[in-house]
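Trainee:
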Amino acid sequence: LHALAEAVPGRYRALVLVAGYGGLRWGELVGLRRRRVDLAGTRIHVVEQVAEVAGKFIVAPPKTAAGYRVVVLPTVAVAALADHLDDYAAPEPDGLVFRSGRGTYLQRSNFSRLVWRPAVQQLGLDGLRFHDLRHTAATLAAAAGATTRELMDRMGHTSPAVALRYQHIMA
854 LHALAEAVPG
864 RYRALVLVAG
874 YGGLRWGELV
884 GLRRRRVDLA
894 GTRIHVVEQV
904 AEVAGKFIVA
914 PPKTAAGYRV
924 VVLPTVAVAA
934 LADHLDDYAA
944 PEPDGLVFRS
954 GRGTYLQRSN
964 FSRLVWRPAV
974 QQLGLDGLRF
984 HDLRHTAATL
994 AAAAGATTRE
1004 LMDRMGHTSP
1014 AVALRYQHIM
1024 A
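Heads up: the sequence shown begins at 854 in our numbering, then just goes up one per residue.
1. Along the chain, where does the beta strand (DSSP E) that runs through ALA902 open and close?
2. Can you list, in chain order, the residues of its chain whose CB lies under 8 Å from that of THR917, leaving out five sequence neighbours each side?
3. For the candidate residues GLU881, PRO862, ALA942 and GLY863, whose alpha-carbon lies nearest to that of ARG987?
4. Closest to VAL912 by C-alpha separation, out of ASP947, GLU859 and LEU978, would be which residue?
5. According to DSSP, what are the bridge partners of LYS909?
6. Within this structure, are the beta carbons of ARG887 and ALA942 separated by less than 7 Å?
7. Mind pulling the alpha helix (DSSP H) runs of 4 or more residues that sit fully within the segment 992-1016?
8. Under 7 Å between the Cβ atoms of ALA856 and LEU892?
9. May I have the straight-line CA-CA distance separating THR1001 from GLY894, to the nearest angstrom?
10. Please report the residue range of the alpha helix (DSSP H) in which HIS984 lies.
11. Which residue wins for smallest C-alpha separation from GLU905, given the options MET1005, ASN963 and GLU859?
12. Could you compute how far the alpha carbon of LEU1074 sits from the alpha carbon of ARG970?
13. Bridge partners for LEU949 per DSSP, in chain order?
Set out below in structure tokens:
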């Protein structure tokens, strides 16, 4: 995870760490606003997401009640996020945390082509998808002893079946 964070340009290091430790979905990361980040409490409040449809960005609430959640981050991700807020995020409370160099929403296709794929190729991890960071976060939580309910809450799942998958991986 840390090698991936180092392989991407500085603007995207915190994005990789928050995805890999926090398990947020792409749309939750892209739509994250500064006021939803609580550095002192080491947490992120997930209350909206952004979808890209035919080149347009649509802001919407999470699809289910489980999608609304508070995700606690480890110190390493919080430290990277604090630096990121100082260096790259929009300064206003409703400003985007993770944004393009032009200050707009991140386009998944551009990020994948220009940032993600070169980083995974550099590390010899061809085929690794950005979404796999979400699985990494769930597996790390399970390894740390998270219960099925805690995994469901952390990941925003409505069904215990998905959470159980990560616990079985660890078993």
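Beta carbons are placed, not taken as given, at the ideal position from N, Cα and C, and that holds for glycine.
Mentor: Here's the rundown:
1. Counted from its first residue, the sequence shown places residue 902 at position 49. Note that residue 902 is Gln in the sequence shown, not Ala. Start and end: 902-906.
2. Here residue 917 corresponds to residue number 64 of the sequence shown, with the count starting at 1. Only GLY1009 and THR1011 meet the Cβ criterion.
3. The sequence position of residue 987 within the sequence shown is 134, counting from 1. Ranking the options by Cα distance to ARG987, first place goes to GLU881.
4. As a working note, residue 912 is residue 59 in the sequence shown. Minimum Cα distance to VAL912 is reached at ASP947.
5. By one-based count along the sequence shown, residue 909 stands at place 56. LYS909 is bridged to VAL906.
6. The count along the sequence shown starts at 1 and reaches residue 887 at position 34. The count along the sequence shown starts at 1 and reaches residue 942 at position 89. In contact: ARG887 and ALA942 (Cβ atoms closer than 7 Å).
7. Complete alpha helix (DSSP H) runs here, min 4: 1001-1008.
8. Along the sequence shown, read from residue 1 onward, the residue named residue 856 stands at position 3. Along the sequence shown, read from residue 1 onward, the residue named residue 892 stands at position 39. Going by C-beta atoms, ALA856 is not nearer than 7 Å to LEU892.
9. The residue given as residue 1001 occupies position 148 in the sequence shown. The residue given as residue 894 occupies position 41 in the sequence shown. So the alpha carbons of these two residues sit roughly 23 Å apart.
10. As a working note, residue 984 is residue 131 in the sequence shown. Segment: none, HIS984 is in no alpha helix (DSSP H) and carries neither H nor E.
11. As a first step, residue 905 is located in the sequence shown; it is residue number 52 there, counting from the start. Measuring from the Cα of GLU905, the nearest candidate turns out to be ASN963.
12. Any property of residue 1074 remains undetermined from this structure, which presents the chain solely from 854 to 1024.
13. To locate residue 949, count along the sequence shown from 1; it is residue 96. Note: LEU949 sits in a beta bridge opposite ARG886.
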